[in-house]
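Asker:
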Amino acid sequence: METKCKRNGCKKPYNENENNDQACKHHPGKPIFSDLKKGWTCCNKIVYDWDEFMKIEPCAFGKHTNIDVTEGGEFYQSKTVQNAQKGIDNFVDNTPQPVRKIDDYNKEEAEKKKLLEQQQAKVQKQIFVTPTGKYKCTNKGCLKEYDPNENTECLYHPGEPCFHDLKKFWTCCRVEKYDWDEFMKIPTCAKGSHIPKVI
Numbered sequence: 002m003e004t005k006c007k008r009n010g011c012k013k014p015y016n017e018n019e020n021n022d023q024a025c026k027h028h029p030g031k032p033i034f035s036d037l038k039k040g041w042t043c044c045n046k047i048v049y050d051w052d053e054f055m056k057i058e059p060c061a062f063g064k065h066t067n068i069d070v071t072e073g074g075e076f077y078q079s080k081t082v083q084n085a086q087k088g089i090d091n092f093v094d095n096t097p098q099p100v101r102k103i104d105d106y107n108k109e110e111a112e113k114k115k116l117l118e119q120q121q122a123k124v125q126k127q128i129f130v131t132p133t134g135k136y137k138c139t140n141k142g143c144l145k146e147y148d149p150n151e152n153t154e155c156l157y158h159p160g161e162p163c164f165h166d167l168k169k170f171w172t173c174c175r176v177e178k179y180d181w182d183e184f185m186k187i188p189t190c191a192k193g194s195h196i197p198k199v200i
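Listed below in structure tokens is the structure:
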């Protein structure tokens with residue numbers, strides 16, 4: 002009577018009378034599925050295509066078994082993925098966001114501008130000036146030169162850049178890209194005042 006082997010990479014029917022230490026070719030490790038990556042913990046080979054993953058040769062021999070020998074769960078759990086998920090969970094919550102009034106927003110912007118002017122007055126001699134006589138903005142996503150005497154608007158990313166496996170995105174606007182050039186082209190999502198580079 003034939004029984005189906007439960008080892009990863011085998012899963013073939015076998016006859017116990019013909020079972021021996023070389024009968025079963027299998028993966029003793031766990032399958033890895035992390036974003037686009039696929040592989041096995043036992044043979045240290047990573048591919049991105051599903052068909053290529055299915056073609057990865059088993060790396061160990063042993064007896065067939067009808068007992069599930071996988072320990073600690075069916076899949077390999079990446080701490081990187083867990084940490085990334087925690088970040089996403091912290092970023093996206095279900096708490097209703099308060100509605101900001103235009104007057105409150107304008108007041109905040111006026112206070113920021115006033116504070117910025119005060120800071121600029123204190124460190125006027127320490128501000129980095131480009132060869133063209135302009136200031137260099139340090140806001141992420143801007144980094145442009147600007148004339149401090151002109152009231153120009155700064156377009157920038159208030160969040161942080163995130164690079165997880167192949168994904169690239171900003172925490173402030175969550176537009177995910179895989180290509181570096183496409184990541185650099187992600188439109189900025191906030192407007193405000195330039196922050197000059199200080200030396």
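Residue numbers (my numbering): 2 to 200.
Positions of the beta carbon are idealized from the N, C-alpha and C atoms, including for glycine.
Please report the straight-line C-alpha distance between Thr66 and Pro14, rounded to a whole angstrom.
Answerer: What you label residue 66 is simply residue 65 of the sequence shown in a count that begins at 1. What you label residue 14 is simply residue 13 of the sequence shown in a count that begins at 1. Taking the straight line joining both Cα atoms gives about 10 Å.
Asker: According to DSSP, is Phe170 helix, strand or coil?
Answerer: As a position in the sequence shown, residue 170 is number 169, starting the count at 1. Residue state, collapsed to three classes: strand.
Asker: Classify Asn9: buried if its beta carbon has 16 or more other beta carbons within 10 angstroms, exposed otherwise.
Answerer: Taking the first residue of the sequence shown as position 1, residue 9 is located at position 8. Buried, by the Cβ-count rule.
Asker: Quick one, which of Lys26, Asn140, Leu167 and Glu118 has its alpha-carbon nearest Glu161's?
Answerer: Residue numbering aside, residue 161 sits at position 160 when the sequence shown is read from its first letter. Taking only the C-alpha atoms, the option nearest Glu161 is Asn140.
Asker: With respect to the alpha helix (DSSP H) encompassing Phe54, which residues constitute its N-terminal and C-terminal limits?
Answerer: Within the sequence shown, numbered from 1, the residue matching residue 54 stands at position 53. Counting along the chain, the alpha helix (DSSP H) containing Phe54 begins and ends at Trp51 to Met55.
Asker: Assess contact between the region 171–187 and the region 103–110, defined as three or more Cβ pairs (one per stretch) separated by less than 8 Å. Is contact present?
Answerer: Result no; under three Cβ-Cβ pairs closer than 8 Å.
Asker: Considering only the alpha carbon of each residue, which of Lys7, Met55 and Gly142 lies closest to Lys64?
Answerer: As a first step, residue 64 is located in the sequence shown; it is residue number 63 there, counting from the start. Of the candidates Lys7, Met55 and Gly142, the one whose C-alpha sits nearest the C-alpha of Lys64 is Lys7.
Asker: From Gly73 to Cys11, what distance separates their C-alpha atoms?
Answerer: Along the sequence shown, one-based indexing puts residue 73 at 72. Along the sequence shown, one-based indexing puts residue 11 at 10. For Gly73, the pLDDT reaches just 46, beneath the cut-off of 50, and the residue's location in the model is therefore unreliable, although a value from the coordinates is still provided. Those two C-alpha atoms are separated by around 20 Å.
Asker: What does DSSP give as the partner residue(s) for Trp41 in the beta ladder?
Answerer: Sequence index remark: in the sequence shown, residue 41 carries index 40 (1-based). BP columns for Trp41 point to Pro32 and Lys46.
Asker: Please return the same chain residues whose Cβ sits closer than 7 Å to the Cβ of Cys190, not counting the five positions on each side in sequence.
Answerer: In the sequence shown, counting from the first residue as 1, residue 190 sits at position 189. Same-chain partners within the cutoff: His158, Cys173 and Cys174.
Asker: Expressed to the nearest angstrom, what Euclidean distance is found between the alpha-carbon atoms of Asp50 and Glu118?
Answerer: Within the sequence shown, the letter at position 49 stands for residue 50. Within the sequence shown, the letter at position 117 stands for residue 118. About 55 Å.
Asker: When DSSP builds the beta bridges, which residues end up paired with Glu3?
Answerer: To locate residue 3, count along the sequence shown from 1; it is residue 2. DSSP output for Glu3 lists Asn16 as bridge partner(s).
Asker: Just mark Pro197 as buried or exposed, buried being the case when its beta carbon has 16 or more other beta carbons within 10 Å.
Answerer: Within the sequence shown, numbered from 1, the residue matching residue 197 stands at position 196. The residue in question, Pro197, is buried, as its Cβ has 16 or more Cβ neighbours within 10 Å.
Asker: Apart from the five residues on each side of it in sequence, which residues of its chain come closer than 8 Å, Cβ to Cβ, to Cys143?
Answerer: Numbered from its first residue, the sequence shown carries residue 143 at position 142. Here the set comprises Cys155, Leu156, Tyr157, Thr189 and His195.
Asker: So, helix, strand or coil for Lys115, using DSSP?
Answerer: Walking along the sequence shown from the start, residue 115 turns up at place 114. Here Lys115 sits in helix by DSSP.
Asker: Whose C-beta lies closer than 8 Å to the C-beta of Leu167 among residues of the same chain, with five residues either side of it excluded?
Answerer: Translated into the one-based positions of the sequence shown, residue 167 becomes position 166. Cβ within range, chain order: Asp36, Leu37 and Tyr179.
Asker: Could you give the distance in angstroms between the alpha-carbon of Glu19 and the alpha-carbon of Phe62?
Answerer: Within the sequence shown, numbered from 1, the residue matching residue 19 stands at position 18. Within the sequence shown, numbered from 1, the residue matching residue 62 stands at position 61. Cα to Cα, Glu19 sits roughly 15 Å from Phe62.
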